[in-house]
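**Q** Numbering (our numbering), first residue to last: 92 to 309. For every residue, glycine included, the Cβ atom is placed at its ideal position computed from N, Cα and C. The model shown is predicted, which means the values in this text are computed figures rather than measured ones. Okay, handing you the structure first.
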């Protein structure tokens with residue numbers, strides 16, 4: 092191995108060394124190099140009197156910069172992962188939480204009273220599967236309020252749910268609310284899986300670079 096060498100693959104690296112070179116003495120470094128090359132990294136080496144050649148590039152300063160960039164990216168992904176885990180937790184307890192909160196809503200008790208004394212109202216509420224259990228949710232409260240207080244709105248919604256192609260027999264309003272919750276859970280799980288894979292990859296990158304830093308010149 093004469094002069095300075097530019098290396099971009101482990102095979103190329105091995106070809107620059109004596110055939111009897113014992114890589115088994117430092118398997119962690121070999122694995123780190125393999126990973127570093129697989130991520131598009133290059134190194135520059137020169138002959139050394141020691142077992143291993145001298146690593147000219149990247150030096151420790153350059154490697155430290157790479158680690159800092161990865162740690163910044165890791166912090167960003169970690170924050171996103173925390174947020175998606177929060178969304179997943181909220182979706183999981185969504186129905187339970189709102190079922191408990193509904194009892195504090197006067198609108199819920201007004202609905203129950205009307206459902207007990209007004210047969211026509213009760214039939215419409217059952218027909219659309221009114222999500223009254225979600226009355227504490229600001230997304231659904233306005234609709235429930237209109238349904239309870241406005242006869243024209245109630246009849247229009249009932250007609251729409253019963254005859255529109257948007258709503259099949261098993262896709263009433265409450266079913267849509269459940270589908271939306273399930274969609275949020277699926278989306279959260281998908282994002283969490285993606286972010287966990289990215290974080291694992293970044294951790295492997297950092298581990299490889301830190302191992303190479305032990306070999307690099309200052």
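(1) Taking 7 angstroms as the cut-off, does the CB of residue 179 come closer than this to any heavy atom belonging to the ligand SAH?
(2) From the DSSP output, in three-state form, read off residue 96 for me.
(3) Just reading off the beta strand (DSSP E) that residue 135 is part of, what are its end residues?
(4) Residue 221 and residue 238 look like a contact to me (Cβ under 8 angstroms); what is the Cβ gap, rounded to whole Å?
(5) Cβ of residue 287 within 8 angstroms of Cβ of residue 172?
(6) In the DSSP assignment, what residue or residues form a beta bridge with residue 127?
(7) Just to confirm my understanding: we take residue 121, look at its own chain, exclude 5 residues before and 5 after, and list those with CB closer than 8 angstroms. What are they?
(8) Spatial neighbours of residue 199 within its chain, please: C-beta separation below 7 angstroms, excluding the five flanking residues on both sides.
(9) Nearest CA to the CA of residue 108: which residue from 129, 130 and 137?
(10) Spatial neighbours of residue 275 within its chain, please: CB distance less than 6 angstroms, with the 5 preceding and 5 following residues excluded, ordered by chain position.
(11) Identify every run of the alpha helix (DSSP H) within the segment 212 to 267, keeping only runs that are complete inside it and at least 4 residues long; order them along the chain.
(12) Does residue 198 come out as helix, strand or coil in the three-state DSSP assignment?
(13) Rounding to the nearest angstrom, what Cα-Cα distance links residue 177 and residue 147 in this structure?
(14) Which two residues bound the contiguous alpha helix (DSSP H) that contains residue 179?
(15) When the Cα atoms are used, what is the spatial distance from residue 266 to residue 179?
(16) Please report the Cβ distance between residue 168 and residue 290, rounded to the nearest whole angstrom; I am assuming they are in contact, meaning their Cβ atoms lie under 8 angstroms.
(17) Please state if the CB of residue 206 and the CB of residue 216 are separated by a distance shorter than 8 angstroms.
(18) Given a cut-off of 8 angstroms on the beta-carbon distance, is the pair residue 296 and residue 153 in contact?
(19) So, under 8 angstroms CB-CB, residue 151 and residue 308 are touching, yes? Tell me the CB distance rounded to an integer number of Å.
(20) Just the Cα atoms here: how many angstroms apart are residue 277 and residue 230?
(21) Please list, in chain order, all residues of the same chain as residue 112 whose beta carbon is under 6 angstroms from its beta carbon, the five residues on each side excluded.
(22) Keeping to the same chain, check which residues put their C-beta closer than 6 angstroms to that of residue 197; ignore five residues upstream and five downstream.
(23) Whose C-alpha, out of 162, 247, 249 and 201, is nearest the C-alpha of residue 236?
**A** Based on what the coordinates show:
(1) Within the structure as shown, the ligand SAH is missing, as the structure has no ligands at all.
(2) By 1-based counting over the chain shown, the position of residue 96 is 5. Residue 96 falls in the strand class under three-state DSSP.
(3) What you label residue 135 is simply residue 44 of the chain shown in a count that begins at 1. Start and end: 134 to 137.
(4) As a working mapping, residue 221 is identified with position 130 in the chain shown. As a working mapping, residue 238 is identified with position 147 in the chain shown. Their Cβ separation, rounded to whole angstroms, is 6 angstroms, which keeps residue 221 and residue 238 in contact under 8 angstroms.
(5) Position 196 of the chain shown, counted from the start, is the residue given in the question as residue 287. Position 81 of the chain shown, counted from the start, is the residue given in the question as residue 172. For residue 287 and residue 172, yes; Cβs fall inside 8 angstroms.
(6) Here the question's residue 127 lines up with position 36 in the chain shown. For residue 127, which the question treats as bridged, DSSP gives no partner whatsoever.
(7) Taking the first residue of the chain shown as position 1, residue 121 is located at position 30. Result list for residue 121: 101 and 114, in chain order.
(8) To locate residue 199, count along the chain shown from 1; it is residue 108. Result list for residue 199: 193, 223 and 226, in chain order.
(9) The residue given as residue 108 occupies position 17 in the chain shown. The residue with the shortest Cα to Cα distance from residue 108 is 137.
(10) Residue mapping note: residue 275 aligns to position 184 of the chain shown, counting from 1. Closer than 6 angstroms at the Cβ level, and outside the excluded window around residue 275, lie 182.
(11) 232 to 240 and 242 to 254
(12) By one-based count along the chain shown, residue 198 stands at place 107. Residue 198 falls in the helix class under three-state DSSP.
(13) Along the chain shown, one-based indexing puts residue 177 at 86. Along the chain shown, one-based indexing puts residue 147 at 56. Cα to Cα, the separation comes out at about 46 angstroms.
(14) To locate residue 179, count along the chain shown from 1; it is residue 88. Unbroken alpha helix (DSSP H) run through residue 179: 151 to 183.
(15) The residue labelled residue 266 in the question sits at position 175 within the chain shown. The residue labelled residue 179 in the question sits at position 88 within the chain shown. Roughly 19 angstroms separates the two Cα atoms.
(16) Within the chain shown, the letter at position 77 stands for residue 168. Within the chain shown, the letter at position 199 stands for residue 290. Between residue 290 and residue 168 the Cβ distance is about 5 angstroms, and since that is below 8 angstroms, they are a contact.
(17) The count along the chain shown starts at 1 and reaches residue 216 at position 125. The count along the chain shown starts at 1 and reaches residue 206 at position 115. It is a contact, given that the beta carbons lie within the stated cut-off.
(18) Position 205 of the chain shown, counted from the first residue, corresponds to residue 296. Position 62 of the chain shown, counted from the first residue, corresponds to residue 153. For residue 296 and residue 153, no; Cβs fall outside 8 angstroms.
(19) What you label residue 151 is simply residue 60 of the chain shown in a count that begins at 1. What you label residue 308 is simply residue 217 of the chain shown in a count that begins at 1. With a Cβ gap of about 7 angstroms, residue 151 and residue 308 count as contacting.
(20) Here residue 277 is taken as the residue at index 186 of the chain shown, counted from 1. Here residue 230 is taken as the residue at index 139 of the chain shown, counted from 1. Going from the Cα of residue 277 to the Cα of residue 230 covers about 20 angstroms.
(21) As a working note, residue 112 is residue 21 in the chain shown. Closer than 6 angstroms at Cβ, skipping near neighbours: no residue.
(22) Mapped onto the chain shown, residue 197 falls at position 106. None.
(23) The count along the chain shown starts at 1 and reaches residue 236 at position 145. When only C-alpha atoms are compared, the closest one is 201.
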